[in-house]
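First comes the structure, then the notes that go with it.
2 protein chains.
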Amino acid sequence: MKIIIIGLGLIGGSIAKSLSSSKNHEILAFDIDQSSIKNALDNKSIAGSLNSLDDLGNTEFNDSLVIISTPPNVTVEVLQSIDFVFNSSVTITDTTSAKNSLHKTLQELNFPQNIIFSHPVAGSHLSGEINSVSGLFEGKSTVLSYHDSATSMHVNRVKSLWELLGSKITVLDAEIHDQIFAYTSHLPHAAAYALLNTLKGLDQDDLAIFSGGGLGEFLRLVSSSPEMWTDIFLMNEKNISIAIEELIQNLNLLKGQITNDPKILRNFLIELKDFKESNY
Amino acid sequence: MKIIIIGLGLIGGSIAKSLSSSKNHEILAFDIDQSSIKNALDNKSIAGSLNSLDDLGNTEFNDSLVIISTPPNVTVEVLQSIDFVFNSSVTITDTTSAKNSLHKTLQELNFPQNIIFSHPVAGSHLSGEINSVSGLFEGKSTVLSYHDSATSMHVNRVKSLWELLGSKITVLDAEIHDQIFAYTSHLPHAAAYALLNTLKGLDQDDLAIFSGGGLGEFLRLVSSSPEMWTDIFLMNEKNISIAIEELIQNLNLLKGQITNDPKILRNFLIELKDFKESNY
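Heads up: the protein sequence lines correspond to chains C and A, in order.
Counting with this note's numbering, you get residues 1 to 280 for the letters of the first sequence.
Counting with this note's numbering, you get residues 1001 to 1280 for the letters of the second sequence.
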């Protein structure tokens, strides 16, 4: 089977590298950045590249799998630009971590049967093909979201891809997906940005000398791609706003306990440690 | 020189292990938990133990170095209980990460010349002697805080200890110390607790499946000792409250940008990434 990766960044590049040892697939790629294509050809993770997305209309791409692995906002555009393969034997998936607005795009496109959304819960604060690695999805979760109109042939093709990459698959409604990830992924990033802006406001030199592991944990998140996170925040705006509000309430709660009640504070921290240890 | 470690937890145990290869020092310890003492005797990181802190008054402990490495609140009590060695040839230091209330204790004790506070900026979410490691302080910062009354003999003894352990030393006024660490260490922990409480409030099973690296970074902080963090939050209450307020302002700022202004949001995230990369 031909697999065409559109966007050879950290995720697309890692899919290519992870699949390159499989003899059953021919991995091709499309990226506007020719240096990513050249890298991937050099390290033999792809067998070739497409000159134009219009090529996907050629009969040689029948029954192939197209993976759009671009920043979320670009994913919408790419999807709209390949409408000529909607409801065909070509399967289309993506890799973004916000699904609601993609789902709305599907609605406008009258729910093509061959679009299955994927969210591999894997990544890094690093980006670009240069940082891609084989095995990135091994043992990680991948969440699929699709409309009732999707046919099982296409669903199974996408499932098989992620299983081959070693992922554990969960299926979630797009709306539930975005609600959950607003808390488990988008909120930690929002908190990290807000925290760093707080430190930035101090105008104190050499804070790094006084920063132990605690801060380092947060700072890594801020190294992620600002373009990608702008898109994610915007595409999941409503859920993230609610999650930020709830975090603010919990910060005020903690502040109240620090000021007023040592015993309740201590129990609160103990309960949170217990909750963490039984759930994560 | 005799070095007496009071409190053989992660930090005290790691000091013992790191010093145990030094032939110039005799490492002794005191801990109410006899299993910690037994562990340390078994792994040969200490040469013996004290039955009572009163022993420190014996002449054999002249010119020794006492390191109080207990939870912050206990450190105050230990300090008060060894007042018979104040202004003697015995040097006293600690390892806690909040200094203002210790400084106030000093004031009540009329500023003994032989108390030099230490804050090694090293640690782990793990606690206890069992998790202690040799080399924990290698390449890390250690901040010293002391009153003008402290004599250089005692200051130099504490400096030599941390230099021997491989730390880089900075001297900070106790008040400035607590202001800085409210932001670089205590605020990240406060944010992690508030974030986990937000997730706890969701009452959604299996959130762990949907948690990528972003959340994991925060969760590790919540595994730290609740007792220690209760003490730290209480002992640096004023500064932490201000820092939490500023974090809330920055969360509201980010929320506003997500809702209103994609361009400003994108620039904001780019600036923060730049700031992070040039400062940390």
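A virtual CB, placed ideally from N, CA and C, is assigned to each residue, including glycine.
Would you kindly check if the distance between the Cβ of Phe1111/A and the Cβ of Ser1049/A is under 7 Å? On the second sequence, residue 1049/A is found 49 positions in, with the first residue counted as 1. On the second sequence, residue 1111/A is found 111 positions in, with the first residue counted as 1. No, these two residues do not count as a Cβ contact at 7 Å.
Phe1094/A in three-state terms, based on DSSP: Here residue 1094/A is taken as the residue at index 94 of the second sequence, counted from 1. In the sequence under discussion, the amino acid at residue 1094/A is Asp, which differs from the Phe named in the question. Correct three-state label for Asp1094/A: strand.
When you compare the CB of Gly1212/A with every CB in chain C, is at least one pair closer than 7 Å? Position 212 of the second sequence, counted from the first residue, corresponds to residue 1212/A. Closer than 7 Å: yes.
Any chain C beta carbon closer than 7 Å to Phe1233/A: The sequence position of residue 1233/A within the second sequence is 233, counting from 1. Taking Cβ atoms only, chain C reaches closer than 7 Å to Phe1233/A, which makes this a yes.
Just to confirm, is the Cβ distance from Thr151/C to Gln179/C under 7 Å? As a first step, residue 151/C is located in the first sequence; it is residue number 151 there, counting from the start. As a first step, residue 179/C is located in the first sequence; it is residue number 179 there, counting from the start. No, the Cβ-Cβ distance between Thr151/C and Gln179/C is not below 7 Å.
Taking 7 Å as the CB-CB limit, is Thr184/C close to chain A? Taking the first sequence and counting its residues from 1, one reaches residue 184/C at position 184. Closer than 7 Å to some Cβ of chain A, the Cβ of Thr184/C qualifies, so yes.
Tell me which residues of the region 191-202 of chain C have at least one Cβ-Cβ distance to chain A shorter than 9 Å, keeping chain order. Ala191, Ala192, Tyr193, Ala194, Leu195, Leu196, Asn197, Thr198, Leu199, Lys200, Gly201 and Leu202
Here's a check: name, in chain order, each residue in its chain whose Cβ is nearer than 8 Å to the Cβ of Ala1174/A, leaving out the five neighbours to either side. Residue numbering aside, residue 1174/A sits at position 174 when the second sequence is read from its first letter. Result list for Ala1174/A: Lys1099, Asn1100, Leu1102, His1103, Phe1117 and Ser1145, in chain order.
Quick check: the Cα distance between Tyr183/C and Trp1229/A, rounded to an integer number of angstroms? Position 183 of the first sequence, counted from the start, is the residue given in the question as residue 183/C. Position 229 of the second sequence, counted from the start, is the residue given in the question as residue 1229/A. Taking the straight line from one Cα to the other gives about 24 Å.
Which stretch, first to last residue, makes up the beta strand (DSSP E) that contains Phe117/C? Residue 117/C sits at position 117 when you count from the first residue of the first sequence. Phe117 to Pro120 is the span of the beta strand (DSSP E), which, as asked, contains Phe117/C.
Short of 8 Å Cβ to Cβ, which residues in the region 22-43 of chain C face chain A? none
Local conformation of Ser160/C per DSSP, three classes: Counting from one through the first sequence, the residue named residue 160/C turns up at place 160. Correct three-state label for Ser160/C: helix.
CA-to-CA distance, Asn1051/A to Asp1033/A, given in whole angstroms: As a first step, residue 1033/A must be located in the second sequence, where it is residue number 33. As a first step, residue 1051/A must be located in the second sequence, where it is residue number 51. So the two alpha carbons sit approximately 12 Å from each other.
Taking only runs that begin and end inside the region 8-66 of chain C, name each unbroken beta strand (DSSP E) of 3 or more residues, in chain order. Taking only runs of at least 3 residues, the beta strand (DSSP E) segments lying wholly in the region 8-66 of chain C are 26-30.
Is Leu215/C helix, strand or coil when you go by DSSP? Numbered from 1 along the first sequence, position 215 holds the residue referred to as residue 215/C. DSSP places Leu215/C in helix when its eight states are reduced to three.
Could you give the residue range of the beta strand (DSSP E) that holds Ser1145/A? Within the second sequence, the letter at position 145 stands for residue 1145/A. Residues Ser1141 to Ser1145.
Tell me, please, whether the region 1215-1226 of chain A touches the region 1078-1092 of chain A by the rule of three or more beta-carbon pairs shorter than 8 Å. no
Which residue marks the beginning of the alpha helix (DSSP H) containing Val76/C, and which one marks its end? Walking along the first sequence from the start, residue 76/C turns up at place 76. Element bounds for Val76/C: Pro72 to Ser81.
For Thr1170/A, does the three-state DSSP call read helix, strand or coil? Stepping through the second sequence from its first residue, residue 1170/A is reached at position 170. Strand at Thr1170/A.
Between the alpha carbons of Ser14/C and Gly212/C, how many angstroms are there, rounded? For the purposes of this step, residue 14/C is taken as residue 14 along the first sequence, with counting starting at 1. For the purposes of this step, residue 212/C is taken as residue 212 along the first sequence, with counting starting at 1. Rounded to the nearest angstrom, the two C-alpha atoms are 31 Å apart.
Just verifying my parser: in three-state terms, what is the DSSP assignment at Lys1273/A? For this step, residue 1273/A is matched to residue 273 along the second sequence. In the structure shown, Lys1273/A adopts helical secondary structure according to DSSP, grouped into three states.
Roughly how many whole angstroms lie between the Cα atoms of Thr91/C and Asn58/C? Stepping through the first sequence from its first residue, residue 91/C is reached at position 91. Stepping through the first sequence from its first residue, residue 58/C is reached at position 58. Taking the straight line joining both Cα atoms gives about 14 Å.
For the region 146-166 of chain C, which residues have a CB atom closer than 7 Å to at least one CB atom of chain A, in sequence order? none
Taking 8 Å as the limit between beta carbons, can you name the residues of its chain near Leu1300/A, skipping five residues before and five after? No information on residue 1300/A is available, as it lies outside the stretch 1001 to 1280 that chain A covers here.
Under 9 Å, CB to CB, which of the residues in the region 124-145 of chain C have a partner in chain A? Ser124, His125, Lys140, Ser141 and Val143
CA-CA distance, Glu1277/A and Ser224/C? Indexing the second sequence from 1 puts residue 1277/A at position 277. Indexing the first sequence from 1 puts residue 224/C at position 224. The straight-line gap from Cα to Cα measures roughly 11 Å.
In this structure, does DSSP put Lys2/C in helix, strand or coil? Residue mapping note: residue 2/C aligns to position 2 of the first sequence, counting from 1. Three-state DSSP puts Lys2/C in a strand.
Checking the sheet assignment: what are the DSSP bridge partners for Ile68/C? For the purposes of this step, residue 68/C is identified with residue 68 of the first sequence, where counting begins at 1. Beta-bridge pairing links Ile68/C to Ile6/C and Asp94/C.
Give the secondary structure of Glu1227/A by DSSP, where H, G and I count as helix, E and B as strand, and everything else as coil. If you number the second sequence from 1, residue 1227/A lands on position 227. In this structure, Glu1227/A counts as helix in the three-state DSSP scheme.
Val76/C beta carbon less than 7 Å from that of Thr105/C: Numbered from 1 along the first sequence, position 105 holds the residue referred to as residue 105/C. Numbered from 1 along the first sequence, position 76 holds the residue referred to as residue 76/C. Yes, they are a contact pair.
Range covered by the alpha helix (DSSP H) that runs through Leu187/C: Working through the first sequence from its first residue, we reach residue 187/C at position 187. Residue range Leu187 to Lys200 is occupied by the alpha helix (DSSP H) that includes Leu187/C.
Given a threshold of 16 other Cβ atoms within 10 Å of its Cβ, counted over all protein chains shown, does Phe30/C qualify as buried or as exposed? Counting from one through the first sequence, the residue named residue 30/C turns up at place 30. Answer is buried; the Cβ neighbour count reaches 16.
Is the beta carbon of Leu1215/A sitting closer than 7 Å to the one on Pro72/C? Against the second sequence, residue 1215/A aligns to sequence position 215. Against the first sequence, residue 72/C aligns to sequence position 72. Not a contact, by the Cβ cut-off of 7 Å.
According to DSSP, simplified to helix, strand and coil, what is Pro112/C? For this step, residue 112/C is matched to residue 112 along the first sequence. Reduced to three states, the DSSP call for Pro112/C is coil.
Partner residues on chain A for Val222/C, Cβ-Cβ distance less than 7 Å: Taking the first residue of the first sequence as 1, we reach residue 222/C at position 222. Chain A residues near Val222/C: Leu1272, Lys1273 and Lys1276.
Kindly indicate if chain A contains any beta-carbon less than 7 Å away from that of Glu237/C. Residue 237/C sits at position 237 when you count from the first residue of the first sequence. Yes - at least one Cβ of chain A is within 7 Å of the one on Glu237/C.
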